[in-house]
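J.: So our numbering is basically just the index in the sequence shown, starting at one, shifted up by 445. We put the beta carbon where it would ideally sit given N, CA and C, even for glycine. Handing you a structure now.
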Amino acid sequence: MAKLLYSASMSTDGFIAGVGGDMSWLTPYLGPNPTVDDLAARTGALLVGRRTFGGDDPYRDLPGEGEAFGGGWDGPQFVLTHRPPAEPVPGVTFVTDLATAVTRARAAAGDGYVNVLGADVARQCLAAGLLDEVLVSVTPVLLGDGVRLFDHPGGSTVRLEPISVTQTPPVTNLWLRVVR
Numbered sequence: 446m447a448k449l450l451y452s453a454s455m456s457t458d459g460f461i462a463g464v465g466g467d468m469s470w471l472t473p474y475l476g477p478n479p480t481v482d483d484l485a486a487r488t489g490a491l492l493v494g495r496r497t498f499g500g501d502d503p504y505r506d507l508p509g510e511g512e513a514f515g516g517g518w519d520g521p522q523f524v525l526t527h528r529p530p531a532e533p534v535p536g537v538t539f540v541t542d543l544a545t546a547v548t549r550a551r552a553a554a555g556d557g558y559v560n561v562l563g564a565d566v567a568r569q570c571l572a573a574g575l576l577d578e579v580l581v582s583v584t585p586v587l588l589g590d591g592v593r594l595f596d597h598p599g600g601s602t603v604r605l606e607p608i609s610v611t612q613t614p615p616v617t618n619l620w621l622r623v624v625r
């Protein structure tokens, strides 16, 4: 069965997007990253939050704009939303509940990963005991405010154990397993 992996690029102070979902801060740090390239090759499906799906793109005005992994991945995408669009989007399935979204994404991913994109969807997966791994690409920048990697005020501690730590300067990749 496919594993659920939450992946994100994160500022050193813990933000995956700037104020209002701004992703322009990430553009200088895009580039070859063997760890992320390996993930893209092993990803069978995406499970994406609605804000992430419709949000800002760090590849704006670059090749790969509007495409997963900047064009480095192609496959089925499942967007978790309470507001599906009126018109279909090719290659994208809109799902209104987490259990159905995870079941369909896992089926589509086969033996690959279901890559979870979006802090709120990742938090929901974690709360439901569904999240298996986390990959964080830490960038050397301080944003000061924005969307946190994981935000759950009053929530319980989540233990993680390292799988690997790799560096593709200036980015440090932390691949972690969720301890159950």
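Using a Cβ-Cβ cutoff of less than 6 Å, which residues in the same chain neighbour S609 once the five nearest sequence positions on both sides are dropped?
T.: Excluding sequence neighbours, S609 sits near W620.
J.: Between the alpha carbons of R625 and T602, how many angstroms are there, rounded?
T.: Computed Cα separation, rounded: 11 Å.
J.: Going by the beta-carbon positions, is the gap between P454 and P503 smaller than 9 Å?
T.: The sequence given here has Ser at residue 454, not Pro. A contact, by the Cβ cut-off of 9 Å.
J.: Short check: CB of H597 to CB of R568, under 9 Å?
T.: Going by C-beta atoms, H597 is nearer than 9 Å to R568.
J.: Within the same chain, show all residues whose beta-carbon is closer than 6 Å to that of T538, passing over the 5 residues directly before and after it, in chain order.
T.: Cβ neighbours of T538 beyond the five flanking positions: F523.
J.: Go to R549, then tell me how far its beta strand (DSSP E) extends in each direction, as first and last residue.
T.: No beta strand (DSSP E) contains R549, which is instead part of the alpha helix (DSSP H) from L543 to A554.
J.: From E512, T472 and A485, pick the residue whose C-alpha is nearest to that of A554; which is it?
T.: That would be A485, whose Cα lies nearest to the Cα of A554.
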